[in-house]
Amino acid sequence: MANRIILNPVSYHGKGAIKEIPALAAARGWKHVFVCSDPDLVKFGVTAKVTDLLDEAQIAYTVYSGIKPNPTIENVKDGVAAFKACGADSIVTIGGGSSMDTAKAIGIIITNPEFEDVRSLEGVAPTKNHAVPTVAVPTTAGTAAEVTINYVITDVEKERKFVCVDEHDIPEVAVIDPDMMSSMPKGLTASTGMDALTHAIEGYTTKAAWAMTDMFHIEAIRLIAKHLRGAVQNIPEDREGMALAQYVAGMGFSNVGLGIAHSIAHTLGAHYDTPHGVACAMMLPIVMEYNQDYTGERYREIARAMGVEGVDGMTQEEYRKAAVDAVKRLSADVGIPAKNDRVREEDLDQLAADAYADACRPGNPRDTNVEDLKELYRKIM
């Protein structure tokens, strides 16, 4: 079987990278940009760091910011209507996964109107046309949505999140500027960073992992272990390290998938509005323990990348425990809670069924079932 790699055609990295946006928009002949961002970023002037550049270049734009932290079907529908109303020909999305996931869904529906029912995009939808030309500017160091072919939408009516996987949705240009992440509060920096670590570890251990994606994931784990604590303290060099780390993790997992830590995190977000990175951080060491007998020697390399010394002299049991312990220690150091007191026993049947149906579940290295998933939820109660 052939292994496929899909990445952005163009990406810019480093401080001041957003300054490239007006020139690349002009070079592509864009006349009216649809700026997709979230209300807090608009309120606190983060979105303006980009729109001010568009103003200076006299490039017309319309801002759409009607997006919730876990973007909903209605957010997408409203965005499609707003895009059509303003006559835009391109998208610049500024924000975390919520803004970028919404922008992806909007861009796909505009060029594939037969999928205007947002639910029809779940799974691997047979779209024919690439999404509206898009520039993605992350303001968090975690989701890597700017380099992935995935997006997640919340179905409020059914209290579930659904994952969409579509090679046509990857942004044409990614602009990874650590200055756009400097205003992230500590809690958000920690949770999105742990989301990136979950991407890297699940991507490294998923059934589809192979040599090229292994290279990305191990380097991402190493960078996160080195830089996340400092990024939470807003140290500039660590912000820059995390900006790179989360992008590198996205280069990998987008092409090989994830596992049940994400399946469970999706349900926690849909049912209780738990922040995605927090849910991932809670579940990652629990799922690592559950999967460990199905990962060969991979936990040794995870432990090494996490900075554990002496792994070559350890037994398999020792280096597996060391890898899990290193993840727990990092999560605790950046302030992630280990428990979720909103999870209730009476919810477990639905939670486990939803996690089992999640698109990330088949990639898990250990085949699972609904009863096992219930037990995993109980470990965070």
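Numbered per my numbering, the sequence shown spans residues 3 to 383. Built from N, CA and C at the ideal position, the CB exists for glycine as well. As the structure is a computational prediction, the values presented were derived from the model and not from experiment.
The shortest CA-to-CA distance from Pro128 to any of Cys166, Val94, Phe255 is the one to Cys166. Gly254 has its alpha-carbon roughly 8 Å from the corresponding atom of Met214.
Taking a C-beta distance under 9 Å as the contact criterion, Val329 and Leu286 qualify as a contact pair. For Ala324, same chain residues with a beta-carbon under 6 Å away, outside a window of 5 residues either side, are Ala305, Val310 in chain order. Your pair Ser67 and Val134 does not check out as a contact, with CB atoms roughly 18 Å apart and the cut at 8 Å.
Pairing Gly252 with Ala210 gives a Cβ-Cβ distance that is not under 9 Å. When secondary structure is reduced to three states using DSSP, Asn366 falls in the coil class, being assigned neither helix nor strand.
At a cut-off of 4 residues, the continuous stretches assigned as alpha helix (DSSP H) that sit fully inside the stretch 43-109 are 50-58, 75-88.
Secondary structure note for Ser333: it is in no beta strand (DSSP E), and the uninterrupted alpha helix (DSSP H) holding it is 318-335. According to the DSSP assignment, Tyr14 belongs to the beta strand (DSSP E) that extends over 12-15. The stretch 106-114 and the stretch 180-190 do not touch, with fewer than three beta-carbon pairs separated by less than 8 Å. One Cα belongs to Cys38, the other to Ile96, and the distance between them is close to 6 Å. According to DSSP, residue pairing for Thr136 in a beta bridge involves Ile93. Judged by pairs of C-beta atoms under 8 Å, the stretch 346-363 touches the stretch 154-169, as three or more such pairs exist. Between the stretch 368-378 and the stretch 292-304, the count of C-beta pairs closer than 8 Å reaches three or more; the two stretches touch.
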